DNA sequence: AGAATTTAATGCGAAGTGGTACAAAATATG
DNA sequence: CATATTTTGTACCACTTCGCATTAAATTCT
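Protein chains in written order, with this note's numbering: chain Z, 147 to 351; chain A, 147 to 351.
Next comes the structure, spelled out in structure tokens:
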């Protein structure tokens, strides 16, 4: 399914690597301020090639968002390994997030979705859709793990998994915003720790 | 101090009202996508007048952010009236925020700072500064109120006011992002309620 | 009234924008 | 080898961008 030799001239670039480079441009500058020239320079593709492969700027942006979302969900599934205590799971989720959020040139980049898609969401329906879906998928995955924690007795029966999950996500959202606002790693790690504590407050392990 | 008659031709516009109109443009479109033509049309000021009164686009944007920040802090101080229980205080804070966040044309606008300044914060130091200061001032104001709640016995002695305040803010940040992502008023209100519950969980009143 | 000073309005200009037309190049097929 | 097909690179287009230079208007000071 991958070696179907296509007819014409073969591509001289790897689509996935190109998307990763474009994503970095969007991550630093945001969608609106990222010009096709910026993207063209970063990907080493001239504009017509970029356009031919990914469509217009919004299409390209949506592709990078979708890839980022998928990567995030994969990492989340790994961090939520149900053989570990919920407390460890959440700590791993936040730790992984901070490793991504704090990596930046001039300043920390935070989360690509929260940092750059949130602005465009109001006037671009497709962006709003991806952002909304990303957030609720994230909530849902955590909710599943919390539901398990209630069943296993890790959390009290009276806990509301959906709401606890949304609050766990809220801490993530806050980390994403605060990273971009310039907060120190120490501050962010402290917030993550209190978040874990608050959610797992009634946990026994 | 207000009727010092200045020498030349008097201004034909009110600076505060103009800033409010410019703010609405930035709120919907973000800084980068808001053109001077947009701003000029919305404020009924031609570009040179805009420029003369407020400086360049970034100066104007920073002015609107600063005004928004100030309004927010004023509203926060009112909502945190210490003669009411902390639980009511937080409920009022979130209620007031949602009233602002959910007001939009095509889609909810969320928070001006979190929704539009977060993108620009990475590459514009002055924006990052305002955003960071706004977030930490907000934290600080809530922390003061929570400290009071500990002293009055409303919260347990073991509570960490700084961390609880940061978590209370985290819920706000999440509301801001989720509003722009298209979440329903019902969902947001439910999150706000759980936020209050989580923070005041050990409260007696 | 006349000079000085500030604001308003028109319009320009250099640079940058997203997107595309077109021809050259590279590959598969017949 | 010739043809069809796809990608690449150059150049270009119409449009928008921000900022400013310049002139006209409105007010205060002398």
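Cβ coordinates follow ideal geometry from the N, Cα and C atoms, glycine included.
As the structure is a prediction and not an experimental result, all values here were calculated from the model.
DSSP places residue 156 (chain A) outside any alpha helix (DSSP H), giving it a letter other than H or E. Within the stretch 311 to 341 of chain Z, contact with chain A at the beta-carbon level (separation under 9 Å) is assigned to 312, 313, 315, 316, 317, 318, 319, 320, 321, 322, 323, 324, 326, 327, 328, 329, 333, 336, 337, 339, 340, 341. When A:195, A:201, A:259, A:182 are compared, the shortest CA-CA separation from residue 216 (chain A) is found for A:259. With 16 or more other Cβ atoms inside 10 Å of its own Cβ, residue 170 (chain Z) counts as buried. Between the stretch 281 to 290 of chain Z and the stretch 213 to 232 of chain Z there are three or more inter-stretch CB-CB distances shorter than 8 Å, so the stretches are counted as touching. Close CB contacts of residue 295 (chain Z) within its chain, under the 7 Å cut and outside five residues either way in sequence, are with 232, 301 (chain order). Contact of residue 269 (chain A) with chain Z is assigned, a C-beta pair being separated by under 8 Å.
Under the three-state reduction of DSSP output, residue 304 (chain Z) falls in the coil class, being neither helix nor strand. The beta carbons of residue 236 (chain A) and residue 313 (chain Z) sit no closer together than 8 Å.
Residue 242 (chain Z) has a beta carbon lying at 8 Å or more from every beta carbon in chain A. Within the stretch 169 to 197 of chain Z, the residues whose Cβ lies closer than 7 Å to some Cβ of chain A are 174, 175, 176, 178, 179, listed in chain order. If you check each beta-carbon in the stretch 281 to 309 of chain Z against every beta-carbon of chain A, the ones closer than 9 Å belong to 281, 282, 306, 308, 309.
Residue burial is scored here from C-beta neighbours: residue 266 (chain Z) has at least 16 other C-beta atoms within 10 angstroms and is therefore classed as buried. Counting the other Cβ atoms within 10 Å of the Cβ of residue 174 (chain A) gives 16 or more, which makes it buried.
In the DSSP assignment, residue 236 (chain A) falls within the alpha helix (DSSP H) that extends over 232 to 247. Annotated three-state conformation of residue 194 (chain Z) is helix, per DSSP. Taken in chain order, the complete alpha helix (DSSP H) segments of 4 or more residues contained in the stretch 268 to 315 of chain Z are 271 to 297. Beyond the five residues adjoining it in sequence on each side, residue 200 (chain Z) comes within less than 7 Å, by CB distance, of 206, 209 in the same chain, given in chain order. Residue 341 (chain Z) is positioned such that its CB atom lies closer than 8 Å to that of residue 317 (chain Z).
In the DSSP assignment, residue 172 (chain A) falls within the alpha helix (DSSP H) that extends over 161 to 179.
Residue 155 (chain Z) has a beta carbon lying at 8 Å or more from every beta carbon in chain A. Listed by position along chain A, the residues whose Cβ is nearer than 9 Å to that of residue 253 (chain Z) are 267, 268, 269, 271, 274.
Ranked by Cα distance from residue 227 (chain A), the first of A:194, A:292, A:187, A:255 is A:292. Against chain Z, the beta carbon of residue 261 (chain A) has neighbours under 9 Å at 264, 265, 267, 268, listed in chain order. According to the DSSP assignment, residue 345 (chain A) belongs to the alpha helix (DSSP H) that extends over 331 to 345.
At least 8 Å separates the beta-carbon of residue 321 (chain Z) from that of residue 336 (chain Z).
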